[in-house]
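Here it is, written out as structure tokens:
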């Protein structure tokens, strides 16, 4: 499992931003979990046996979802 926090430009936890990223990823077929006190943490849980093609696809979706949040 890997987790990272979504924060505002001034470094404050951004639970709404994390939920927006997770929602956009879900629309494209990638399930992400949010957690943390304010829901600002996104958890990525990929099995150790994931095929590289699937990992690349999931990371591309995550990257696109994050880019839309900062655009």
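Numbering (the numbering used here), first residue to last: -8 to 62. Beta carbons are placed, not taken as given, at the ideal position from N, Cα and C, and that holds for glycine.
- For residue -6, the enclosing beta strand (DSSP E) begins and ends at -7 to -4.
- The three-state secondary structure of residue 12, taken from DSSP, is helix.
- Closest option to residue 20, judged by alpha-carbon separation, among 53, -4, 9, 26: 53.
- DSSP places residue 36 in no beta strand (DSSP E); its state is neither H nor E.
- The beta carbon of residue -1 sits closer than 6 Å to the beta carbons of 5 from its chain, once the five residues preceding and following it are set aside; these are given in chain order.
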